[in-house]
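Single-structure report; data block below.
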Amino acid sequence: MPVRENRRRRTLCRAPEPVSTLEIMSKSAPLPSHFGGRRSWRRAAAAHQAGVRRHSQPVVNETSAGGIVIAVHDGHAYTAVIARRNRGGRLEWCLPKGHLEGTETAEEAAVREVAEETGITGRVLLHLATIDYWFSGTNHRVHKVVHHFLLEALSGYLTVENDPDHEAEKVEWVRLDRVSSRLAYPNERRIVSSARAILAGDA
600 MPVRENRRRR TLCRAPEPVS TLEIMSKSAP LPSHFGGRRS WRRAAAAHQA GVRRHSQPVV
660 NETSAGGIVI AVHDGHAYTA VIARRNRGGR LEWCLPKGHL EGTETAEEAA VREVAEETGI
720 TGRVLLHLAT IDYWFSGTNH RVHKVVHHFL LEALSGYLTV ENDPDHEAEK VEWVRLDRVS
780 SRLAYPNERR IVSSARAILA GDA
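Residues are numbered in the numbering used here as their position in the sequence shown, beginning at 1, plus a constant of 599.
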């Protein structure tokens, strides 16, 4: 009896036909699903280009100082806070602060800025925190450093009339244990928490 040879059929793998770039970009051959819709990758490309432009802009370094000026009344600590307009024109409550001028130190600038924006003359007790952040200007990027101090109120009365830049529109004494709900910026609320802990002897 003849023996049959077991021959397996060979399956030839044909190379994929080349696809032109025009075919890939045509409506009949849309981008793969993992690319997302046209809008999403266009947004991604635009965001990337904006990032490139932002990082190629010149950098301006700014240093400011200010802080929490404390006065005690009826057993409660109060601090003076101001209201000023943000870049969008909205009124926001914040701690008094401003740029260093000339050769003054951060402590000297803090005392001066608190006096100008609140009317209260204070004395620096200690350094609380330094905030470091970036933001974009019209045609440049700004690297800003703000030094915050704890100050003891010595004299004066609340007024914004001494602010040469006319940035502070309102000023109020607010109890230190309630001021966080008034402040617009999370980093300043954290600084208030640090000041409260120090004054309570918990830090």
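Built from N, CA and C at the ideal position, the CB exists for glycine as well.
Excluding residues up to 5 positions away in sequence, A682, R684, E768 lie with their Cβ nearer than 7 angstroms to the Cβ of L690 in the same chain. Remark: C-beta atoms of L749 and L727 approach each other more closely than 7 angstroms. Residue pairing from DSSP places S735 in a beta bridge opposite R740. Of the residues assessed, D776 falls on the exposed side of the cut-off, its CB having fewer than 16 other CB atoms within 10 angstroms. For E768, the enclosing beta strand (DSSP E) has its first and last residue at 767-774. Within the model, the alpha-carbon separation for V770 versus T720 is close to 14 angstroms. Judged by DSSP secondary structure, A679 falls within the beta strand (DSSP E) whose first and last residues are 675-684. Burial of L699 is indicated by the presence of at least 16 other C-beta atoms within 10 angstroms of its C-beta. Counting along the chain, the unbroken alpha helix (DSSP H) around V791 starts and ends at 785-798.
CA-CA distance, A664 to V723, rounds to 12 angstroms.
According to DSSP, residue pairing for V745 in a beta bridge involves S663, I730.
As a beta-bridge residue in DSSP terms, T720 pairs with S754. In the DSSP assignment, G688 falls outside any beta strand (DSSP E), carrying neither H nor E. When C-alpha distances from R711 are compared across H672, W692, G736, V668, the shortest belongs to V668.
Sequence-distant Cβ neighbours of T729 in its own chain, meaning closer than 8 angstroms and more than five residues away, are V744, V745, H746, H747. Contact annotation: V658 and R740 have beta-carbon atoms nearer than 7 angstroms. With 16 or more neighbouring CB atoms inside 10 Å of its own CB, Y677 falls in the buried class.
Just so you know, the alpha carbons of V773 and G800 end up roughly 21 angstroms apart.
For the pair S655 and A752, the Cα-to-Cα distance works out to about 44 angstroms. Contact between V778 and E716 fails: their C-beta atoms lie close to 15 angstroms from each other, not under 8 angstroms.
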